[in-house]
Each structure stands twice: as structure tokens, then as C-alpha cells.
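Quick note on numbering: our numbering labels position 53 of the sequence shown as 38, and the sequence is numbered without any gaps. Glycine is no exception: its CB is placed at the ideal position from the N, C-alpha and C atoms.
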Amino acid sequence: MTKIVCVNCNTAYIPEENGVCILDHDVTRTPYQLFFGDRIKCPSCRVEVVICARYPFLQRHNNRFHTVIAEKRAENQIIDVYAYVYEE
Ligand SMILES: [Zn+2]
């Protein structure tokens, strides 16, 4: 696994929770794909990040997309990620 270091604390991140779900939203803030990821944190300053799988395990055209989102939300296992919109 890649070693991830907190530049504020000069400390390596440690595992916090495996198998969380990242829910990507498009620029209209509509959910469109789900990824698995692992949450890690800095043991010193407690900042947390998620290392996310490269490919989604479910996309919005799949029949089970909204059901799985509802199930994962009930388990508090969803981290919502929104597309960055550039402002001029
Ligand atoms: Zn830190």
C-alpha cells in the first residue's frame, strides 16, 4: 500500500475504516457513481482522507444504484463528493 504522510505533522496516516462508499455527483449535483474506499487518518491532527478505488462498482444506469445508496446511507457508509465547479 502507498504510504501517505501528513505534511502538517510529519506523521504517517493510519487505517481508520475499510469499505466506505464514495458517491460521486456531477456538476448538477446529481449522484452518478459509487466507489469503494478506505478511510485513513493522521493520528496526530486527526485529519481524515479516503483512498478510493480507481473504478466505480456501481453507476446510475444500474437498476440497483438508488437501492444501494439508500442501504449504505442507512448504515452511515456514504461519503458524498461533488464535482468542483470553476468560478471565473
Ligand atoms: Zn496531521
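Residue burial classification, residue i (beta-carbon count within 10 angstroms, cutoff 16)
i          : result
residue 44 : exposed
residue 25 : buried
residue 40 : exposed
Residue i Cβ short of 7 angstroms to ligand 1 heavy atom set
i          : result
residue -7 : yes
residue 70 : no
residue 35 : no
residue 32 : yes
Helix, strand or coil at residue i [DSSP, three-state]
i          : result
residue 10 : strand
residue 25 : strand
residue -3 : strand
Residues near residue i by beta carbon distance below 7 angstroms, same chain, minus five either side
i          : result
residue 57 : 6 and 63
Close beta carbons around residue i, own chain, < 8 angstroms, minus the five adjacent residues each side
i          : result
residue 11 : 17 and 68
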